[in-house]
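Take the sequence shown: its letters are residues 338 to 626, numbered as in our numbering. Every residue, glycine too, gets a C-beta built ideally from N, C-alpha and C. Contents: one structure, followed by commentary.
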Amino acid sequence: MAISGSPIKLNLLHIGYAKLDETWNYNNVISPFTRLFYVTTGNAKAYHSSMEFNLRPGYMYLIPSYTYNRYKCDEYHEQYYAGFFEETIEGLSIYNLQNFKYQTKASITDVHYFKRLLELNPDMAVTNSDPKAHVNKSLLYNLNKKDRIVNSSVYLETQGILSILLSRFITEDKSNQLKTSSRTNLEKVLIYIAENLHHELTVQNLANYCHLSTDHFSRIFQQNFGMRPLKYILTKRIERAQLLLLTTNDSLQKISEKTGFHNPSYFSRFFKKTTGKSPGKFRKEQLNL
Numbered sequence: 338m339a340i341s342g343s344p345i346k347l348n349l350l351h352i353g354y355a356k357l358d359e360t361w362n363y364n365n366v367i368s369p370f371t372r373l374f375y376v377t378t379g380n381a382k383a384y385h386s387s388m389e390f391n392l393r394p395g396y397m398y399l400i401p402s403y404t405y406n407r408y409k410c411d412e413y414h415e416q417y418y419a420g421f422f423e424e425t426i427e428g429l430s431i432y433n434l435q436n437f438k439y440q441t442k443a444s445i446t447d448v449h450y451f452k453r454l455l456e457l458n459p460d461m462a463v464t465n466s467d468p469k470a471h472v473n474k475s476l477l478y479n480l481n482k483k484d485r486i487v488n489s490s491v492y493l494e495t496q497g498i499l500s501i502l503l504s505r506f507i508t509e510d511k512s513n514q515l516k517t518s519s520r521t522n523l524e525k526v527l528i529y530i531a532e533n534l535h536h537e538l539t540v541q542n543l544a545n546y547c548h549l550s551t552d553h554f555s556r557i558f559q560q561n562f563g564m565r566p567l568k569y570i571l572t573k574r575i576e577r578a579q580l581l582l583l584t585t586n587d588s589l590q591k592i593s594e595k596t597g598f599h600n601p602s603y604f605s606r607f608f609k610k611t612t613g614k615s616p617g618k619f620r621k622e623q624l625n626l
C-alpha cells in the first residue's frame with residue numbers, strides 16, 4: 338500500500354471476535370497502534386477526536402493511533418476487532434498524509450475480510466477485554482516474532498486485507514490540497530522532523546530546509562496540518578515518548594534524550610501537561626501493571 342508516494346507498512350498486532358457486556362466501560366485509553374471494529378450485534382459507544390460514535394451493527398469504526406478514547410457498553414454487543422501498527426518507510430504517520438473518517442458502512446466483502454483475517458491469524462486474539470491491556474510487552478514481542486516466522490503468503494494476504502479495510506476510511510489525500518512544489522517541501526520536512534526528533538529543531542532551520550521564509554513556512558504548515566511547526570514537533574515528541582514508554586524498558590532519562598527534551602524534569606512536566614499523567618503513571622496504567 339502506498340499513500341502520497343510513500344509505501345505503507347501495516348503490522349497486525351491482534352485480531353479476534355469479542356462478546357462484550359456492560360463491563361466494557363473504559364476511560365482514557367491510548368494506544369500506539371490503530372484499532373478497527375466491525376460490530377455485528379448490539380450497541381455500544383466510543384468517544385475520540387472530540388466526537389461520540391454509536392457503535393451499531395453493520396458498521397466499521399476506526400480509532401487512530403495516539404488518540405485518547407473511551408468505550409462504553411450499556412448492555413451487550415459483539416464485534417470483530419483488529420489492532421495494527423502503521424508507518425511509512427520514512428517514519429511518518431498515515432494520519433499526516435490523509436484525511437480519514439472514523440465510521441463507514443461495511444459491505445459484504447468487508448465482513449468477509451474480517452473473517453478471513455481471523456482465519457489467517459487464529460492465534461492473535463486477546464483474552465482481556467480491557468483495551469488498555471491490549472498494550473503490553475508480550476504482545477509486542479509476539480508481533481516482532483511473528484514478523485520473522487510467519488508464512489509469506491499469510492503475511493502478504495494479511496497486509497493486503499488491512500490495506501483494503503483501512504482504505505474504506507480515507508476521504509482525501511492531504512497532499513492533493515497542495516501545489517506540487519509545496520507538497521514536496523512539506524513531505525520532506527515531515528520526514529526530516531521524524532528522523533531528527535532527538536536533535537534541536539527550530540522553525541528557522543525547518544524553513545531553511547524547505548527554502549522558504551520563516552513566516553511563509555509557518556503559514557503553509559499550519560494551513561495543511563492544523564498547527565504551528567513547533568506544536569507539531571512537540572506533539573510528535575510526546576507520541577514518540579508514549580511509544581517508548583509502552584514498548585521499551587528505557588529510563589525516563591533515556592526517553593527524554595531520544596525525544597529531544599534532554600532535561601528529564603522538563604520532559605516529565607511537559608508530558609504531564611500534555612497527557613494529564615506523569616510518564617511513570619502513564620506507563621504503569623497503560624501496561625496494566
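Along the region 569-598, the alpha helix (DSSP H) occurs as fully enclosed runs of 4 or more residues at 589-595, listed in sequence order. Here the region 592-609 makes contact with the region 521-536; the two share three or more CB pairs at distances below 8 Å.
Between Leu357 and His414 a beta carbon distance of about 6 Å is seen, short of the 8 Å cut, so the two are scored as contacting. A direct Cα-to-Cα measurement between Tyr375 and Gln440 gives close to 10 Å.
With fewer than 16 neighbouring CB atoms inside 10 Å of its own CB, Gly617 falls in the exposed class. By DSSP's assignment, Thr371 forms a beta bridge with Phe421. At a Cβ-Cβ threshold of 8 Å, Pro401 and Thr584 do not count as neighbours. Using a Cβ-Cβ distance cut-off of 8 Å, the region 359-366 and the region 392-410 are in contact, since at least three pairs of beta carbons, one from each stretch, lie closer than that value.
For Val366, the enclosing beta strand (DSSP E) stretches over residues 362-366. Nearest to Arg505 by alpha-carbon distance, out of Leu399, Glu622, Ser593, is Leu399. DSSP lists Ile507 as the beta-bridge partner residues of Phe437. Of all alpha-carbon atoms in Thr377, Glu494, Met461, the one lying nearest the alpha-carbon of Ser444 is that of Thr377. Between Phe437 and the set Glu456, His385, Leu503, Asn586, the nearest pair of CA atoms involves Leu503. Going by DSSP, Leu538 is part of no alpha helix (DSSP H) at all; its letter is neither H nor E.
Apart from sequence neighbours up to five positions away, the residues of its chain that approach His385 with a beta-carbon distance below 7 Å are Ile400, Thr404, Tyr405, Asn406, ordered along the chain. Residue pairing for Glu494: DSSP places it in no beta bridge.
Under the three-state reduction of DSSP output, Glu622 falls in the helix class. Inclusion of Tyr417 and Arg372 in the CB contact set at 8 Å is not warranted, their separation being larger than that value. Ala462 sits in coil when the DSSP states are folded into three classes, being neither helix nor strand. Of Gln623, Glu622, Ile575, the smallest CA-CA separation from Lys610 is found for Ile575. Rounded to the nearest whole angstrom, the CA to CA distance from Gly497 to Tyr603 is 42 Å.
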